[in-house]
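Asker:
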Amino acid sequence: MAEVKLMKGNEVIAEAAIRCGCDGYFGYPITPQSEVMETLMARKPWEETGMVVLQAESELAAINMVYGGACCGKKVMTSSSSPGISLKQEGLTYIAGAELPCLVVDVVRGGPGLGTIQPAQSDYFQATKGGGHGDYHLIVLAPASVQEMNDFVDLGFELAFKYRNPAMILADGVIGQMMEKVQLSPYKPRWTEEEIEKISGSWALTGKKGRERHVITSLELDAHRQEDFNKKLQAKYRKIEANEVRFEKILCEDADYLIIAYGSAARICQKSIELAREAGIKIGLLRPITLYPFPTQAIAEMCGQIKGMLTVEMSAGQMVEDVRLAVNGRVKVEHYGRMGGVVPTPEEIVEALKNNFEL
Amino acid sequence: MTEEIIIAGFGGQGVLSMGKILAYSGIMQDQEVSWMPSYGPEMRGGTANVTVIISDERISSPVLTRFDTAIILNQQSMDKFESQVKPGGTLIYDPNGITHHPTRQDINIYRIEGARLAAESGNPKIFNMIILGGFLKVKPIVKIENVEKGLQKSLPPRHHNLIPMNIEAIQTGMNHIETANQL
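Here it is, written out as structure tokens:
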């Protein structure tokens, strides 16, 4: 068995990147995720695997370096926190429009604007509904533990390359800053030129030696051809929605009420469920692991069994809209949230349950 | 067994590293652990606290407001966390700088003169290990040999020569913790 370590979520992102054979990280520091690049700089992977680690002059530069690396079929990534991710939206929509794979880590903090440095989940809309302009989606993974910070780096790259689509790890300040036990993934070598040719040779810019040139762009001047491309993108998203939904159900078998929460909020809710069950309230948790694609079907299927659903988010209520769409009026769906970097307590979530459903 | 602990004091007192050593010790005896710091704009002289959970089972919330044990190292933390100890729980504090001593009757309260003992030893850096020793005397949730193993894991090899001094400080803390209120 691999060695168990005690590490911060942010440190694990860095370690997992090196171990999964990442070719390049381009970032710009911001709390609460600066340990990602700090750890990479301390580890000096360029001496070990040849991975490039570069502190760019700005977030804009960082995401465009990712764009460039992704064009070449390389495994490239960036990380930031909310205000920095907003700056990266232009690059992200271009990357999505050019159908390129990459990994973006967002360790969310309170907003809007510069906001606070404390944990929040108020960037759910931005992450799951595109974020930049145009009809597009990122594949969004929501880790709820330090172990998942490790696991989702590899998974994120896998999905990004499978669908030629940017993937995002949507964490928050709690998951980034906390330390837990983690079993790090074994080392995978970086892809060789031959492997890149095999995996991404049909589109990547690998030098046109003896073949037609590849053009990577998100620009199309003909509206009908752009619409055809949009249809192709939408078909890809339907495929992602059909094949890549991931979620976890905890204590749902006998539940009368359901909490839906992701990331650190889902961890806090597990404590609330322990407290509620001690008080005789049968409650379960459905934790979306992929936020896009959203577990719409799984939530809809719970409607026959459940008397009421409560979404718990560190926001004014964003995911609750997707839950209401899934439920389509069949059961009462309420939201409980804290904002601005305030983390809800397990006790106040139990109170919210009691108040909303008159328990 | 699940022990939910808050360690709170000034930045620079070694609050976060004490929590880390405790968490590492839990790993050394195959338990689940979590370590969640307050990571606001704290710095040396500001307040700092860390929630450490050690459990035989999967840990649910890393963020808590009710604790089995509060280890309190300044007045601001006393004001904030005395009320958050579960009834029947434990409060350990260093009276140095405390003007309002804890008054609850429904919890076990212990005093440890960590700051004074560290100053007398001539090495103020061992303060947090003295406090840790006091805690382990009243709550022996991790074995000393696992603390030692944890130190070996968490410290870079160049600092391994400091481990005996740290273990000695833990012993000092164990020998000097006093009962202030026993249920």
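For the record, the sequence lines run as chains A and B.
The first sequence begins at 1 in the working numbering and counts up by one.
The second sequence begins at 1001 in the working numbering and counts up by one.
The beta carbon of each residue, even a glycine, is placed where N, CA and C say it ideally should be.
Can you find a CB in chain B that lies within less than 7 angstroms of the CB of residue 268 of chain A?
Answerer: yes
Asker: Can you list the residues of chain B that residue 178 of chain A reaches, using a CB-CB cut of under 7 angstroms?
Answerer: 1034, 1035, 1036, 1062
Asker: How would you label residue 67 of chain A, buried or exposed, when you count the other beta carbons within 10 angstroms and need 16 or more for buried?
Answerer: When all chains shown are included, residue 67 of chain A counts as buried.
Asker: Taking 7 angstroms as the threshold (C-beta atoms), are residue 168 of chain A and residue 146 of chain A in contact?
Answerer: Contact: no.
Asker: Going straight from the alpha carbon of residue 314 of chain A to that of residue 262 of chain A, what length do you get?
Answerer: 10 angstroms
Asker: Would a check of beta-carbon distances place residue 345 of chain A closer than 7 angstroms to chain B?
Answerer: yes
Asker: Give me the residue from A:127, A:46, A:281 with the minimum Cα distance to residue 138 of chain A.
Answerer: A:127
Asker: Do residue 259 of chain A and residue 252 of chain A count as a contact pair if the criterion is CB distance below 7 angstroms?
Answerer: Between residue 252 of chain A and residue 259 of chain A, the C-beta gap is not smaller than 7 angstroms, which leaves the two residues out of contact.
Asker: Which same chain residues end up closer than 6 angstroms to residue 1034 of chain B when comparing Cβ atoms and leaving out the 5 residues on each side of it in sequence?
Answerer: 1053, 1059, 1062
Asker: Among the residues of its own chain, which have a CB less than 6 angstroms from the CB of residue 159 of chain A, if the five just before and after it don't count?
Answerer: 139, 167
Asker: Check whether the Cβ atoms of residue 1036 of chain B and residue 1047 of chain B lie closer than 7 angstroms to each other.
Answerer: Against a cut-off of 7 angstroms, the Cβ pair of residue 1047 of chain B and residue 1036 of chain B comes out as no contact.
Asker: Output yes or no for whether 7 angstroms exceeds the beta carbon distance between residue 69 of chain A and residue 103 of chain A.
Answerer: no
Asker: State the beta-bridge partners of residue 1035 of chain B as determined by DSSP.
Answerer: A:179, B:1052
Asker: For my contact list, residue 72 of chain A and residue 51 of chain A are in at a C-beta cut-off of 8 angstroms; report their separation, rounded to the angstrom.
Answerer: That pair is no contact at about 14 angstroms.
Asker: Which residues in the same chain as residue 161 of chain A place their Cβ atom closer than 6 angstroms to its Cβ, once the five residues preceding and following it in sequence are excluded?
Answerer: 101
Asker: Beta-carbon separation of residue 93 of chain A and residue 132 of chain A under 7 angstroms?
Answerer: A distance below 7 angstroms separates the beta carbons of residue 93 of chain A and residue 132 of chain A.
Asker: Looking only at its chain, what residues have a beta carbon closer than 6 angstroms to the beta carbon of residue 1106 of chain B, apart from the 5 residues adjacent to it on each side?
Answerer: 1087
Asker: Could you check the C-alpha separation between residue 1007 of chain B and residue 174 of chain A for me, to the nearest Å?
Answerer: In this model, residue 1007 of chain B and residue 174 of chain A are separated by some 17 angstroms (Cα to Cα).
Asker: Can residue 19 of chain A and residue 99 of chain A be called in contact, C-beta distance under 7 angstroms?
Answerer: no
Asker: How would you call residue 1162 of chain B, buried or exposed, if buried means at least 16 neighbouring beta carbons within 10 angstroms?
Answerer: exposed
Asker: Considering only the alpha carbon of each residue, which of A:171, A:265, A:338, A:187 lies closest to residue 10 of chain A?
Answerer: A:171
Asker: Within the same chain, show all residues whose beta-carbon is closer than 7 angstroms to that of residue 346 of chain A, passing over the 5 residues directly before and after it, in chain order.
Answerer: 268, 271, 272, 275
Asker: State the beta-bridge partners of residue 1067 of chain B as determined by DSSP.
Answerer: DSSP, once it has assigned bridges, lists B:1085 as partnering residue 1067 of chain B.
Asker: Check residue 1180 of chain B in the structure and name its three-state DSSP category.
Answerer: For residue 1180 of chain B, the three-state secondary structure derived from DSSP is strand.
Asker: Can you pull the DSSP bridge partners for residue 6 of chain A?
Answerer: Paired residue(s): A:181.
Asker: Does the beta-carbon distance from residue 77 of chain A to residue 25 of chain A come in below 7 angstroms?
Answerer: yes
Asker: Report yes if the CB atom of residue 1072 of chain B is closer than 7 angstroms to the CB atom of residue 1093 of chain B, and no otherwise.
Answerer: yes
Asker: Tell me which residue opens and which closes the beta strand (DSSP E) that residue 120 of chain A is part of.
Answerer: Residue 120 of chain A -> no beta strand (DSSP E), and no H or E assigned at all.
Asker: Among A:339, A:305, A:327, A:306, which has the Cα closest to the Cα of residue 317 of chain A?
Answerer: Nearest of A:339, A:305, A:327, A:306 to residue 317 of chain A, Cα basis: A:339.
Asker: Residues in the same chain with beta-carbon distance under 6 angstroms from residue 79 of chain A, minus the five sequence neighbours each way, listed in chain order, please.
Answerer: 27, 33, 36, 105
Asker: What are the residues that DSSP puts in a beta bridge with residue 172 of chain A?
Answerer: A:108
Asker: Ignore the nearest five residues each way along the sequence and tell me which others in residue 91 of chain A's own chain have a CB closer than 6 angstroms to its CB.
Answerer: 63, 64, 67
Asker: Pairing CB atoms from the segment 1147-1159 of chain B with CB atoms from the segment 1101-1118 of chain B, are three or more of them under 8 angstroms?
Answerer: no
Asker: Are the C-beta atoms of residue 6 of chain A and some chain B residue less than 7 angstroms apart?
Answerer: yes
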